[in-house]
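2 protein chains.
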Amino acid sequence: MANINDVSRLAQVSKATVSRVLSGSRGVKEESRLAVMRAVEVLNYKPNVIAQSLSNQSTGCIGVVCASENINQATGYLHALEKQLRLHQKHLLLRFATDAANVIDALNEIGNGLCDAVIVIGARFPLPGLPHSAVTIDCLESHTVRSIQFDHAFAAQTASQYLINQGRRKIALITQHDGEAAEQTAQGYHQALEHHLLPYNRQLVFGGENALQRLLNQNVSFNGLLVPDDALAQEAVRLLPQFGRQVPADVMVFSLDSTLPQGASPVPAMSYPLDKLAQRAIALLTMPLSTDPGLVPIRGTLVTPF
Amino acid sequence: MANINDVSRLAQVSKATVSRVLSGSRGVKEESRLAVMRAVEVLNYKPNVIAQSLSNQSTGCIGVVCASENINQATGYLHALEKQLRLHQKHLLLRFATDAANVIDALNEIGNGLCDAVIVIGARFPLPGLPHSAVTIDCLESHTVRSIQFDHAFAAQTASQYLINQGRRKIALITQHDGEAAEQTAQGYHQALEHHLLPYNRQLVFGGENALQRLLNQNVSFNGLLVPDDALAQEAVRLLPQFGRQVPADVMVFSLDSTLPQGASPVPAMSYPLDKLAQRAIALLTMPLSTDPGLVPIRGTLVTPF
DNA sequence: TTGTAGGCGTTATCAG
DNA sequence: CTGATAACGCCTACAA
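Here it is as structure tokens:
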């Protein structure tokens, strides 16, 4: 594979001029420019990106650590991120992780020059100190400066509102694990109930492992069900009929975090537009480290089936 | 960030010795070795992978171009590949593509030193000349030397066999698009029918766009249905009841290409173990270019729900 | 066992 | 407008 020396030799100019033509190319005599272009063409020369990176001190790579348990949710993110990154001429280095140690490993292997920055997605476990160049999306209360969080309270409130408007007054709530997200969700749920003067029944609220199972085994009546994401929604839709409750006739299931677009979700849901999310992540990334945009949580939009 | 010079200075040895300690570390006096290790520790030195790459002429990156329409299928592949690549200390550079031009773009941007090799997955369109370092998985008859193909004929035959054993003698077949895969599938299907002396009804075979819709609109009776993948299986399971046919009582749906493990598939299916697939892909990649393993198509295994 | 020197392919600086 | 030359950070003959 031809290198810059070959080009400069063939074009009868110095390496510097070749470099100038191929990058800023300002202040180069037209004649030399053409000579270089011709040589490039003839030799089918492509600058070596690694050498460029070494010089620049910057590869165009963004590491994406996908810590989402819910693997299908992940794909949506990946797709959106890759699309957006490509627009910015950046590459996506993918890595999966299932726990904090995994994430740290990833960061260590990726952070030694290979990636300019890292995005961590959907970590449902506490993350220890991430580098400043990191951005988190939909992660457990990471105290990194830059992170994208959802407005869980708003989602829960809107969802409850919707179910109530649909005539569902006994609404069960399933939150995943603990942490801020769960608390905020509970908060939004409470607010909606209060607003409609509905009683709060603690037997209808479950969190953590097998929450859905525990709710169902309890045999308490409810006609609305808030679940944290599409995966659990799907499970609920599958399980409920087995407990003699038809969906949506007997119980209306609502997904609090859907990445499916309008119409594609089998149940009503709060949907977070993936491309907007990705755009925002990249904005955070390319933003100078000094500017702290503050934590403005993102609000989803209500989508309903059909 | 400390570099090799800092380490050599602190350890009072030359850069070469530092390098030796950190890589092959053979033929280095224990004393120097310790001095280097200590300096590395103190300075928290991590070799810059970009500089290494420039020297080595090899980044540890493998480009993965995901051309699968079926985005969920894709995630499975990605996960398995990343896992396997990590085992080989390699990184996964992700890229999505929807058509041949897209794939070419990806290869151009990725192939200038950034990636050591490329894997293209699930392209359902003809691929023009790929570089020798490329491997294709589940792609349309690419005439690249290295590719992993499925034994579609075997899958279709096994699937038909299974349905027949389940008492289904009117089996419909849906193939996606055209190409070798579809032909092989049809072939396996025919063979199974012949073997059981069952008649071939061309009204039960559809390919291309909206094949499922066209089959259903036709209103011909059938009690078994072969679909090309999980996505179509899901659609069939959703659609069939709307046409008054219960699954699996009236029609048993069979997915010819599932990436779900035993038990996770809602319908019987031919499953291709993803990690084996990924292993094989990487074997092809790391294999010297001279050794042509030939095209031994991979045979899936039959999985049944519950 | 060690150090020196040259190379990997670019970009940036700085005279001319 | 152009061409040396020095980084960038590491690896590795080769010589001692």
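Going down the list, the protein sequences come from chains A and B. When you line the first sequence up against the working numbering, it's residues 1290 to 1595, in that order. When you line the second sequence up against the working numbering, it's residues 1290 to 1595, in that order. Think of the CB as a built atom: it goes at the ideal place given N, C-alpha and C, for glycine as much as any other residue. Only a predicted model underlies this, so the values are computations on that prediction, with no experimental measurement involved.
Use the C-beta contact count for residue i: other C-beta atoms within 10 angstroms, 16 or more gives buried, fewer gives exposed.
i, result
"residue 1379 of chain A", "buried"
"residue 1474 of chain A", "buried"
"residue 1366 of chain B", "buried"
"residue 1509 of chain A", "exposed"
"residue 1585 of chain A", "exposed"
"residue 1419 of chain A", "buried"
"residue 1532 of chain A", "exposed"
"residue 1489 of chain B", "exposed"
"residue 1371 of chain B", "buried"
"residue 1421 of chain A", "exposed"
"residue 1491 of chain B", "exposed"
"residue 1376 of chain B", "exposed"
"residue 1575 of chain B", "exposed"
"residue 1270 of chain A", "Since the first residue shown for chain A is 1290 and the last is 1595, residue 1270 of chain A is missing from the structure and cannot be characterised."
"residue 1369 of chain B", "buried"
"residue 1312 of chain B", "exposed"
"residue 1315 of chain A", "exposed"
"residue 1305 of chain A", "exposed"
"residue 1284 of chain B", "Shown here, chain B extends from 1290 to 1595; a query on residue 1284 of chain B therefore has no answer."
"residue 1362 of chain B", "buried"
"residue 1348 of chain B", "buried"
"residue 1456 of chain A", "exposed"
"residue 1447 of chain A", "buried"
"residue 1303 of chain B", "exposed"
"residue 1590 of chain B", "exposed"
Thinking C-alpha only, which one of the options is nearest residue i?
i, options, result
"residue 1445 of chain A", "A/1558, A/1298, A/1420 and A/1323", "A/1558"
"residue 1330 of chain B", "B/1407, B/1292, B/1487 and B/1512", "B/1292"
"residue 1485 of chain B", "B/1458, B/1462, B/1464 and B/1503", "B/1458"
"residue 1525 of chain A", "A/1507, A/1408, A/1500 and A/1421", "A/1500"
"residue 1527 of chain A", "A/1427, A/1550, A/1511 and A/1502", "A/1502"
"residue 1450 of chain A", "A/1317, A/1532 and A/1515", "A/1515"
"residue 1553 of chain B", "B/1373, B/1595 and B/1442", "B/1595"
"residue 1410 of chain A", "A/1575, A/1590, A/1566 and A/1588", "A/1566"
"residue 1556 of chain A", "A/1306, A/1562 and A/1548", "A/1548"
"residue 1461 of chain A", "A/1529, A/1425 and A/1434", "A/1529"
"residue 1353 of chain B", "B/1415, B/1407 and B/1590", "B/1407"
"residue 1374 of chain B", "B/1572, B/1538 and B/1470", "B/1572"
"residue 1439 of chain B", "B/1591, B/1587, B/1592 and B/1350", "B/1587"
"residue 1496 of chain B", "B/1511, B/1341, B/1466 and B/1523", "B/1466"
"residue 1301 of chain A", "A/1320, A/1447, A/1312 and A/1562", "A/1320"
"residue 1511 of chain B", "B/1468, B/1494 and B/1498", "B/1494"
"residue 1441 of chain B", "B/1469, B/1290 and B/1363", "B/1469"
"residue 1454 of chain B", "B/1414, B/1505 and B/1513", "B/1513"
"residue 1464 of chain A", "A/1308, A/1506 and A/1413", "A/1413"
"residue 1437 of chain B", "B/1564, B/1447, B/1550 and B/1425", "B/1425"
"residue 1290 of chain A", "B/1498, B/1346 and B/1562", "B/1346"
"residue 1540 of chain A", "A/1416, A/1452, A/1342 and A/1388", "A/1452"
In the DSSP assignment, what are the bridge partners of residue i?
i, result
"residue 1543 of chain A", "A/1515"
"residue 1384 of chain B", "B/1354"
"residue 1591 of chain A", "A/1559"
"residue 1496 of chain A", "A/1464"
"residue 1408 of chain B", "B/1353 and B/1424"
"residue 1443 of chain A", "DSSP output for residue 1443 of chain A lists no bridge partner at all."
"residue 1437 of chain B", "B/1426"
Positions along the stretch 1372-1389 of chain A whose CB lies within less than 9 Å of some CB in chain B: Only those residues of the stretch 1372-1389 of chain A whose C-beta falls short of 9 Å from the nearest C-beta of chain B are listed: 1372, 1375, 1378, 1380, 1381, 1382, 1383, 1384 and 1385.
Inter-stretch contact (C-beta, 8 Å, three-pair minimum) for the stretch 1533-1550 of chain B and the stretch 1510-1525 of chain B: Segments in contact, yes.
Report the residues of the stretch 1344-1369 of chain B with a CB closer than 7 Å to any CB of chain A, ordered along the chain. Answer in chain order: 1348, 1360, 1361, 1363, 1364, 1367 and 1368.
If the cut-off is 8 Å on Cβ atoms, which residues from the stretch 1333-1344 of chain A count as contacting chain B, listed in chain order? Taking 8 Å as the Cβ-Cβ cut-off against chain B, the residues of the stretch 1333-1344 of chain A that qualify are 1335, 1336, 1337, 1338, 1339, 1340, 1342 and 1343.
Would you call the stretch 1395-1413 of chain B in contact with the stretch 1334-1342 of chain A, where contact means no fewer than 3 C-beta pairs closer than 8 Å? They touch, by the three-pair rule.
Contact between the stretch 1355-1368 of chain A and the stretch 1290-1305 of chain B: three or more CB pairs below 8 Å? Too few Cβ pairs lie closer than 8 Å, so no.
Taking Cβ-Cβ distances below 7 Å as the criterion, which residues of the stretch 1401-1421 of chain B are in contact with chain A? Those would be 1401, 1402 and 1403, in chain order.
May I ask you to verify whether the stretch 1373-1391 of chain A touches the stretch 1373-1391 of chain B, counting CB pairs closer than 8 Å and requiring at least 3? Here the stretch 1373-1391 of chain A makes contact with the stretch 1373-1391 of chain B; the two share three or more CB pairs at distances below 8 Å.
Cβ pair count under 8 Å reaching 3, the stretch 1476-1484 of chain A against the stretch 1425-1435 of chain A: Pairwise C-beta distances place the stretch 1476-1484 of chain A out of contact with the stretch 1425-1435 of chain A, as fewer than three of them are shorter than 8 Å.
Would you call the stretch 1385-1395 of chain B and the stretch 1316-1325 of chain B in contact, with 3 or more CB pairs under 8 Å? Here the stretch 1385-1395 of chain B makes no contact with the stretch 1316-1325 of chain B; the two share fewer than three CB pairs at distances below 8 Å.
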